[in-house]
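Number of protein chains: 2
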Amino acid sequence: MLGVLHAEAPRLMPAKSTTVASALRRPRSAQPRASHGARPLTVSDALDTTYLETLLGYNARRAALTVIAVFLKRMEPLGLRPVDFSVLTLIAHNPGATSRQICSALDILPPNLVGMLKSLQKRGLVVRRPHPSDGRAQGLHLTPEGLALQAQAQAEASRLEREDVGLALSPAELDTLIGLLQRVYRR
Amino acid sequence: MLGVLHAEAPRLMPAKSTTVASALRRPRSAQPRASHGARPLTVSDALDTTYLETLLGYNARRAALTVIAVFLKRMEPLGLRPVDFSVLTLIAHNPGATSRQICSALDILPPNLVGMLKSLQKRGLVVRRPHPSDGRAQGLHLTPEGLALQAQAQAEASRLEREDVGLALSPAELDTLIGLLQRVYRR
DNA sequence: TATTGTTATACTCTATAACTATA
DNA sequence: TATAGTTATAGAGTATAACAATA
């Protein structure tokens, strides 16, 4: 579930008439500027986002969108969206994987994978073969063209990490960052 | 632009018939398991995602979705989605801010903010007042109810950071993580 | 001529229900 | 009875064009 960063709750309740919480705590360095009114806000001013920047969710979303925008641009010549790249890569590294397994690994719902696989199949990148041990399932495999494209895309992705992200972070910092992110989502 | 993590390119080109890139480099610790065929993949196996886990984009997306899922659940009783919380918080910290400024700060397109503001206004949380220095614009302000709800939501968000994220990361690690994320998206 | 806020609208992404074939 | 894969479809998110009012 939840592929969207601005995602919304299944169903929102009407706002309760609430009493103010005991305290309005500001974690870390929150320091509203404009609201302390040195001068009134003009239309050309950038807003004070200090508090939002103390929240992990806000920063994770911004960073994810930035990286994905670069990824999108780099992969455009190959005709691959991030999700296509992920699917191709999983099949490349797990030949014979089933739709269900791809869905589990990437948090995609089965009905939403159908069209992607159809498209990859139509492009001659993916083939289905009968599953050796389960007649309901179909094993997914890459064609030679699929393997070639995936290898090229993977090299491009690795280059992106080194070159584009490397402009902002050293290799050691990148490792630290990835390790921390994994500890956040592995629970 | 780009609010979706699985976002797709404006228009995808057909796959080029490509020659394989010179090398299939594996950054860091990529170590495909299943593809090296200790045994054939069965339908109940989890797939090998080692390579994807070396990519910042993949990890950032997973972490962002995890944090946002928690945020979603915590804010449900208040009737706020992440984007609603962001808008309310920006107005609280920047009274008199305009639609355009909110859009710039949050990377939302103006047409998509209209409905959100309408909804917040209808709930009695936000009011518009004529802008003091620009007749085209309208200054956004929180009502007393809006201020109360925002304060409660902000306290809840801060609590979430301490309690939920704190289960995975120490305060110092959280600071490190946020600092690294900011360096990724501030360019 | 440019910008603010808006309407209308198209397209993409995500989610649910229901069906079939097989286990 | 449960699971793999599929169809159809609803719903939410994101994007562009075009307009009126004001700068």
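The listed protein sequences derive, respectively, from chains V and E.
Heads up: the first sequence begins at 279 in our numbering, then just goes up one per residue.
Heads up: the second sequence begins at 279 in our numbering, then just goes up one per residue.
In this text, a Cβ means the ideal position worked out from N, Cα and C, and glycines have one as well.
The shortest C-alpha to C-alpha distance from residue 433 of chain E to any of V:319, V:424, V:397, V:333 is the one to V:333. In the structure shown, residue 420 of chain E falls within a strand segment according to DSSP collapsed to helix, strand and coil. Residue 344 of chain E places its beta carbon 9 angstroms or farther from that of residue 431 of chain E. DSSP places residue 340 of chain V within a helical segment (H, G or I) once states are collapsed to three.
Cβ-Cβ distances below 6 angstroms link residue 417 of chain E to 374, 407, 409 in the same chain, with the five nearest sequence neighbours on each side left out; the list follows chain order.
By the neighbour-count definition (other C-beta atoms within 10 Å, threshold 16), residue 414 of chain E is an exposed residue. Residue burial annotation: residue 324 of chain V is exposed, with fewer than 16 other C-beta atoms found within 10 angstroms of its C-beta. Here the stretch 445 to 462 of chain V lies against the stretch 455 to 464 of chain E, with 3 or more beta-carbon pairs under 8 angstroms apart.
Assignment of residue 415 of chain E by DSSP, reduced to helix, strand and coil, places it in the coil class. Under the 9 angstroms criterion on CB atoms, residue 387 of chain V is classed as non-interfacial with respect to chain E. From the beta-carbon of residue 367 of chain V, the residues of chain E found nearer than 7 angstroms are 329, 330.
Residue 410 of chain E reaches chain V at 318, counting residues in chain order whose Cβ is nearer than 8 angstroms. DSSP places residue 465 of chain E outside any beta strand (DSSP E), giving it a letter other than H or E. Counted as a single uninterrupted DSSP element, the alpha helix (DSSP H) harbouring residue 378 of chain V occupies residues 377 to 384.
Residue 383 of chain V reaches chain E at 324, 325, 327, counting residues in chain order whose Cβ is nearer than 8 angstroms. Distance from the CA of residue 422 of chain V to the CA of residue 441 of chain E, rounded to the nearest whole angstrom, comes to 49 angstroms. Non-local beta-carbon contacts of residue 348 of chain V in its own chain, meaning distances under 7 angstroms to residues more than five positions away in sequence, involve 438, 442 in chain order. By the Cβ test, the stretch 351 to 369 of chain E is in contact with the stretch 396 to 404 of chain E, since at least three Cβ pairs between them sit closer than 8 angstroms. Against chain E, the beta carbon of residue 321 of chain V has neighbours under 9 angstroms at 376, 378, 379, 409, 411, 412, 414, 415, listed in chain order. Contact annotation for residue 364 of chain E against chain V: 330, 336 [CB-CB distance below 8 angstroms, chain order]. Nearest Cα to residue 356 of chain V within the set V:319, V:339, V:428, V:370: V:428.
Looking at V:444, V:450, V:465, V:386, the one whose alpha-carbon comes closest to that of residue 445 of chain E is V:465.
For residue 352 of chain V, no chain E residue has a Cβ inside 7 angstroms of its Cβ, as the nearest lies near 10 angstroms away. Residue contact check for residue 460 of chain E against chain V: a CB pair falls below 9 angstroms.
Counting the other CB atoms within 10 Å of its CB gives residue 449 of chain E a total below 16, which places it among the exposed residues. Annotation: residue 419 of chain V to residue 360 of chain V spans about 19 angstroms, alpha carbon to alpha carbon. One Cα belongs to residue 387 of chain V, the other to residue 412 of chain E, and the distance between them is close to 48 angstroms.
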